[in-house]
Amino acid sequence: NAGVMQNPRHLVRRRGQEARLRCSPMKGHSHVYWYRQLPEEGLKFMVYLQKENIIDESGMPKERFSAEFPKEGPSILRIQQVVRGDSAAYFCASSPPGNRGFSEQYFGPGTRLTVT
Amino acid sequence: AQSVAQPEDQVNVAEGNPLTVKCTYSVSGNPYLFWYVQYPNRGLQFLLKYITGDNLVKGSYGFEAEFNKSQTSFHLKKPSALVSDSALYFCAVRDTSYGNNRLAFGKGNQVVVIP
């Protein structure tokens, strides 16, 4: 059973470009979470999605950032017009169906975004 | 909001000695607590969790954690540390203030096991 897949693993963008980060959850998982890890900091929640629904995006910046989890295909975190402050590691996690707060989340290897 | 605190930045321990990584929590209601480990340039790996039941929780790779309600703590322990345990350790709590399963993480503790 493959784990959470993320691609690309490393992404370099120039200021003003767009970044698209992809996440495929574990098989059978229908909940996806995105977290951001800045250097020397812990992980900060960004957005929580289920298939075709954004459940909680309160951790995501209001501008330039968007996320989706379509019926078919991976979840996408999109950052428009990237700035240097967006440089970070972006982690996706997934958990099984049902709103079970005791389920652990399984993390992907992350995408390391560098904005030059 | 729910939160966890990891008071130490780095924990140094000699190989073979007991390892303890500290975590305290602040929640309203019942806490759902988790420990994760992160190796360099890797994602987080789940170690163990406390939901309910026994205060001593056993997890992966010989780790265990003790839930202490009176001290609001959930310290991670290993009786005999290995060099390969050198990594970044995160404590997390389910942030129920948002009514979903999002996790609130501590800032992490770097563990260095000295051969």
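Quick mapping for you: the protein sequence lines, in order, are chains A and B. Note that our numbering has the first sequence beginning at 224, numbered continuously upward. Note that our numbering has the second sequence beginning at 3, numbered continuously upward. Note that the Cβ used here is the ideal one computed from N, Cα and C, for glycine as well.
#1: Considering only DSSP beta bridges, list what A:His254 is partnered with.
#2: Could you tell me whether the stretch 263-279 of chain A touches the stretch 289-296 of chain A, using the rule of 3 or more Cβ pairs below 8 Å?
#3: For A:Phe314, which of A:Ala225, A:Gly251, A:Met249, A:Arg259 has the nearest alpha-carbon?
#4: Which partner residues of B:Gln40 appear in the DSSP bridge assignment?
#5: How is A:Arg237 classed by DSSP in three states: helix, strand or coil?
#6: Does the stretch 326-337 of chain A come close enough to the stretch 304-318 of chain A to have 3 or more Cβ pairs within less than 8 Å?
#7: Measure the CB-CB distance between B:Gln47 and B:Ser62 and report whether it falls below 9 Å.
#8: Using a 10 Å radius around the Cβ and a threshold of 16 neighbouring Cβ atoms, would you call B:Ser28 buried or exposed?
#9: If you measure between the beta carbons of B:Lys79 and B:Glu66, is that distance less than 9 Å?
#10: Taking 9 Å as the CB-CB limit, is B:Gly84 close to chain A?
#11: I need the boundaries of the beta strand (DSSP E) containing B:Val29, first residue and last residue.
#12: Relative to the C-alpha of B:Leu35, which residue among B:Ser82, B:Val85, B:Lys24, B:Ser86 is closest?
#13: Can you look up B:Val85 in the DSSP assignment and give me helix, strand or coil?
#14: Please classify B:Ser62: does DSSP put it in a helix, a strand, or coil?
#15: From the DSSP output, which residues share a beta bridge with A:Met219?
In short, the structure shows the following:
#1: Under DSSP, A:His254 shares a beta bridge with A:Gln273, A:Ser318.
#2: In this structure the stretch 263-279 of chain A touches the stretch 289-296 of chain A; the number of beta carbon pairs closer than 8 Å is three or more.
#3: If we check each option's Cα against that of A:Phe314, A:Arg259 comes out closest.
#4: Looking at the DSSP assignment, B:Gln40 forms a beta bridge with B:Leu46, B:Leu90.
#5: In this structure, A:Arg237 counts as coil in the three-state DSSP scheme.
#6: The stretch 326-337 of chain A is in contact with the stretch 304-318 of chain A.
#7: Against a cut-off of 9 Å, the Cβ pair of B:Ser62 and B:Gln47 comes out as a contact.
#8: With fewer than 16 other Cβ atoms within 10 Å, it is exposed.
#9: Cβ distance < 9 Å, so B:Lys79 and B:Glu66 count as in contact.
#10: According to the sequence displayed, residue 84 of chain B carries Leu and not Gly. By this cut-off, B:Leu84 is not an interface position.
#11: No beta strand (DSSP E) holds B:Val29; DSSP gives it neither H nor E.
#12: Of the candidates B:Ser82, B:Val85, B:Lys24, B:Ser86, the one whose C-alpha sits nearest the C-alpha of B:Leu35 is B:Lys24.
#13: It is helical.
#14: Annotated three-state conformation of B:Ser62 is helix, per DSSP.
#15: One cannot answer for residue 219 of chain A here, as it falls past the ends of chain A, which runs 224 to 339.
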